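Trainee:
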Amino acid sequence: MKSTDVTFRAPKTEPLLPAEQIPATQVVPTPKPVVESTQTVAGGLAHHAPSLDQQTTPNVVSLLVDQKTEAPHRRGRTAALRVKDVKSDFGVAQRKSFKPVVDLISPLHELIAQFKGKV
Amino acid sequence: MNPHIEQARSAASLDEALVFAGQAVVDALSEAMKAAGYTKGPDAGQALQKVGLDRLLARSLGEGQVDHRAARTEIDRLMKALSARTTTANDIKAGILAFDEAAQRIALSIGRGTAFKYPLATNRARDSLLTFARSLHR
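Protein chains in written order, with the working numbering: chain Z, 1 to 119; chain S, 1001 to 1138.
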């Protein structure tokens, strides 16, 4: 670079062009609002929920999409009530242990008969 | 003779008699569960007594099966108790599950075609009780 080139450079504080000479295309337009109307759904998520209300906000859309990935019968529920079938853990020895209860059946039968006879 | 059964025999009404009979069944059941090696035996007895299903079990053993009308009456009573907040949904669920388990074990101990029947299928009383328990499950 030649030293003569530096002498023709304009100082930094001065505008490169006078204001009246700035071309119209360089004027920055006023930014539009992000959500102009009720028809806006965040572009990337819109295809996930085509049937949603058009006023739905992007956050709600993503929440609903998450729920869609969950199995429908499990959503928002606790585990099913566990009802036991005792056959599997009730062998011969256990059955014999229940003799005290079995021995009560005959007296209970007589008891019910006694009161049903009264009625 | 079991002392509770003696008291039951001298009771003035069936309802009063079933209170003593229920106690006799719970005592025998706890003893049997302990002897069979189930550590939760006393808990099952308490769960039954807490919601009054020991009386239904005693009555059912005396009648040879769980009558669906008696089960329905118990469900109505439990629903009222739930509304009046004298019992909780969890206690009722635990009581019904303890009843179902005890009835299954007693029926299996006796054998087929004898004094007490409690089938798992086509058992209207069982279906009603378990449906009620499921309705309380959240």
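Where is the CB? At the ideal position from N, CA and C, for every residue including glycine. Just so you know, these numbers come straight off a predicted model, no measurement behind them.
Taking Cβ positions only, does Phe1099 of chain S come closer than 8 Å to chain Z?
Mentor: Not one chain Z Cβ lies under 8 Å of Phe1099 of chain S.
Trainee: Does the beta carbon of Ser88 of chain Z sit closer than 8 Å to a beta carbon anywhere in chain S?
Mentor: For Ser88 of chain Z, the answer is no, since every Cβ of chain S falls outside 8 Å of its Cβ.
Trainee: Would you call the CB atoms of Leu1129 of chain S and Ala1081 of chain S closer than 8 Å?
Mentor: No, the Cβ-Cβ distance between Leu1129 of chain S and Ala1081 of chain S is not below 8 Å.
Trainee: Against Gly1052 of chain S, what residues of chain Z qualify as contacts under a CB-to-CB distance less than 8 Å, listed in chain order?
Mentor: What Gly1052 of chain S touches in chain Z: nothing, since even the nearest Cβ is about 17 Å away.
Trainee: Nearest-angstrom Cα distance between Val1066 of chain S and Ala79 of chain Z?
Mentor: Cα to Cα, the separation comes out at about 28 Å.
Trainee: Just the C-alpha distance for Val65 of chain Z and Val1025 of chain S, rounded to the nearest angstrom, thanks.
Mentor: Residue placement at Val65 of chain Z is poorly supported in this model, since its pLDDT is 47, which falls under 50; the coordinates still yield a value, given next. Roughly 54 Å between the two C-alpha positions.
Trainee: Taking contact to mean at least 3 C-beta pairs separated by less than 8 Å, is the stretch 1097-1115 of chain S in contact with the stretch 1036-1048 of chain S?
Mentor: The answer is yes - the stretch 1036-1048 of chain S touches the stretch 1097-1115 of chain S, with three or more Cβ pairs under 8 Å.
Trainee: Keeping to the same chain, check which residues put their C-beta closer than 8 Å to that of Ile1005 of chain S; ignore five residues upstream and five downstream.
Mentor: Phe1020, Ala1021 and Ala1024.
Trainee: Three or more C-beta pairs under 8 Å: does that hold for the stretch 1028-1041 of chain S against the stretch 1005-1016 of chain S?
Mentor: With the cut-off at 8 Å, the stretch 1028-1041 of chain S and the stretch 1005-1016 of chain S do not touch.
Trainee: Quick check on Lys1040 of chain S: does DSSP put it in helix, strand or coil?
Mentor: Residue state, collapsed to three classes: coil.
Trainee: Let me see if you follow: with CB-CB separation under 8 Å, is Phe1132 of chain S close to chain Z or not?
Mentor: False, the Cβ-Cβ gap to chain Z never drops below 8 Å.
Trainee: Under 8 Å between beta-carbons, which chain S residues line up against Thr30 of chain Z? List them in chain order, please.
Mentor: Chain S residues near Thr30 of chain Z: none, gap ~55 Å exceeds 8 Å.
Trainee: Determine the chain S residues that contact Val92 of chain Z at a beta-carbon separation under 8 Å, and present them in chain order.
Mentor: Result: empty, since nearest Cβ-Cβ is about 10 Å, beyond 8 Å.
Trainee: Among S:Ala1044, S:Thr1086 and S:Gly1037, which one has its Cα closest to the Cα of Ser97 of chain Z?
Mentor: If we check each option's Cα against that of Ser97 of chain Z, S:Gly1037 comes out closest.
Trainee: Note down, in chain order, every chain Z residue with its Cβ under 8 Å from the Cβ of Ile1075 of chain S.
Mentor: What Ile1075 of chain S touches in chain Z: nothing, since even the nearest Cβ is about 15 Å away.
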